[in-house]
Amino acid sequence: MKTAIRKHLPDFLAILGLLVVALVVSVYILDKQRLSLPAGVPVLGKDFFEVEAEMSTAQAVTPGQGQTVNIAGVEVGEISSVKLRDGKAIIGMRIQRKHDRIYKDASILLRPKTGLKDMVAELTPGTPEAGRIEEGGVIPIAQTLPDVNLDEILASLDADTRDYLVLLLNDGAQGLGSERKGRQLAQAIRRLEPTAKYAREINEGLAERRVNLARVVHNFSLLTDELGKRDTQLANFVQNSNAVFATLAEQDSSLQAILQRLPGTLQTTETTLGKVETLADTLGPTLQSLRPAARALAPSLQKTRPFLRESTPIIRDEIRPFTRAALPTVKELRPAMRDLAATTPDLTRSLTVVNQLLNAAAYNPPGAAEEGLLFWQSWLNHTGNSVFSTADAHGPIRRGLFLVSCNSAQLLEAVAQANPQLGTLVQLLNKPASEEICPTSTQGPAAGGGAPAGG
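Count the sequence shown with the UniProt record's numbering and you get residues 1 to 455, in order.
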């Protein structure tokens, strides 16, 4: 063997070089073909994290053709399989283990990378708050979006819009046929700007109308289904309504009488509402004026809370038992109270008069110039005691106080000297002598003066 190698060494080296080149080319081709060896294979082995996604459609998705999975435009894996499960397309993806931080709220957008529908899956990993998705987990269809073809967009348009689009394309082709037509088309497009603006508003209104119409149809369907479930109740309702209308037809004359009185009632109501408006105009400022008082009342109410808390046990433990114990007595007193209620009006009037009399007697006018009746009552009591306190065998002796002037005293002395009988009465008066009350000046008795004489 060694001898043969030495003999054909150039040929052996050439064959060995060809084998090395073939191995390098094979590795390069397999790498470009995305052939992945198991993780146990040294150097060339790769470890993947597998996850699935539900799609409404998987058109143009071809596993094994280099269709990749990207995160933020960076390739992190490839589409490994596609299958059908429960009427939904299930796309299998192999993600590199170092990019396995995918969460349950992740989303996938399937879109073409080239015009030949070379698809790529744009993966958004999600947020950590949703939790990590397990290996082999499924991203639900609510979080995936398939590719949308142009024919699907055109198919969603109604017939009128498609016809207008055909006219636009045909006329656009004619308008771009020459430079002059191009300028004319540009000017026409500029003039169509307001029209396009209003057309957009019209289309938005039509779109909203379609949504509302769909909602009406849906709600009507729900109503019809519910009525179908309640046909017996609906029949009873129709029968009862028929009976009600028949009763109303029998009361035709009564309804006519009510309607004839309705104008007067409405007029009275209108007058009442006018008065209520006047009341509201007056009541509004009054209530506004009461608002400060209401605000000031809040602290007072808060201060009454301790009193209410303290009085609650008294009411519960003392007043309520007393009330229960007093109920039999109250029942026995009820007939007497009923008789007393019959006489209460007359008694009330009498007590009112007595109250007014006592108020007049107790009233003391303000100031020192005038006094009330009770002030003079004390003087009356003192004077009456003085008048009626003395008596003898002949009866009570009345006391009096007389004022005698100097001239009167001299006159009485002259009368007493002239008539002895009258002199006895003058002596009974016990008047002072004229010398005691008359001045001692040289002017004589005419100077006046006086002194009291009691008896």
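All C-beta atoms in this analysis are idealised placements derived from N, C-alpha and C, irrespective of residue type, glycine included.
Asked: Top-ranked residue by Cα proximity to S56, from A243, I141, Q184; Found: I141
Asked: Every unbroken beta strand (DSSP E) within the segment 359-428, with a cutoff of 3 residues, ordered by chain; Found: 401-405
Asked: Counted within 10 angstroms of its Cβ, other Cβ atoms place A53 as buried (16 or more) or exposed; Found: buried
Asked: Cβ-based neighbour list, A4, same chain, cut-off 7 Å, excluding 5 preceding and 5 following; Found: none
Asked: DSSP-derived helix/strand/coil call for E122; Found: strand
Asked: Local conformation of residue 469 per DSSP, three classes; Found: Since the first residue of the chain shown is 1 and the last is 455, residue 469 is not available in this structure.
Asked: Contact between the segment 101-111 and the segment 122-133 (3+ Cβ pairs under 8 Å); Found: yes
Asked: Environment of P299 [buried if 16+ CB atoms lie within 10 Å]; Found: exposed
Asked: Pair within 8 Å by beta-carbon distance, V426 and L411; Found: no
Asked: Three-state secondary structure assigned by DSSP to I79; Found: strand
Asked: Burial state of Q417, where buried means 16 or more other Cβ atoms lie within 10 Å; Found: exposed
Asked: The beta strand (DSSP E) enclosing K88, as first and last residue numbers; Found: 88-96
Asked: Coarse secondary structure for V276, derived from DSSP in three states; Found: helix
Asked: Delimiting residues of the alpha helix (DSSP H) encompassing V217; Found: 193-229
Asked: Given A134 as reference, the closest of I95, P146, N381 once Cα atoms are compared; Found: Position check: residue 134 holds Glu in this sequence, whereas Ala was assumed. Taking only the C-alpha atoms, the option nearest E134 is I95.
Asked: Element boundaries [beta strand (DSSP E), containing E50]; Found: 48-55
Asked: Buried or exposed (CB count within 10 angstroms, at least 16 for buried), A207; Found: exposed
Asked: C-beta atoms of L109 and L145 nearer than 8 Å; Found: yes
Asked: The segment 82-91 contacting the segment 56-67, beta-carbon criterion three pairs below 8 Å; Found: yes
Asked: Proximal residues to P365 (C-beta, below 8 Å), its chain only, five neighbours per side dropped; Found: E371, G372
Asked: Every unbroken alpha helix (DSSP H) within the segment 252-314, with a cutoff of 4 residues, ordered by chain; Found: 252-314
Asked: Reduced DSSP category for N430 - H, G, I as helix; E, B as strand; rest coil; Found: coil
Asked: Host beta strand (DSSP E) of T68 (start-end); Found: 68-71
Asked: Opposing strand residues paired with V74 [DSSP bridges]; Found: I71
Asked: Three-way DSSP call (helix, strand, coil) for L110 in this model; Found: strand
Asked: Residue range of the unbroken alpha helix (DSSP H) whose run includes L154; Found: 150-155
Asked: Which of helix, strand or coil DSSP assigns to V61; Found: coil
Asked: Alpha-carbon to alpha-carbon, R210 and P194; Found: 24 Å
Asked: Residue burial classification, F49 (beta-carbon count within 10 angstroms, cutoff 16); Found: buried
Asked: Simplified DSSP assignment, three categories, for R320; Found: helix
Asked: Reduced DSSP secondary structure (H/G/I, E/B, other) of V85; Found: Per the sequence shown, the amino acid found at residue 85 is Arg instead of Val. Strand.
Asked: Coil, strand or helix - T127 by DSSP; Found: coil
Asked: Residue environment, E277, which counts as buried when at least 16 other CB atoms sit within 10 Å; Found: exposed
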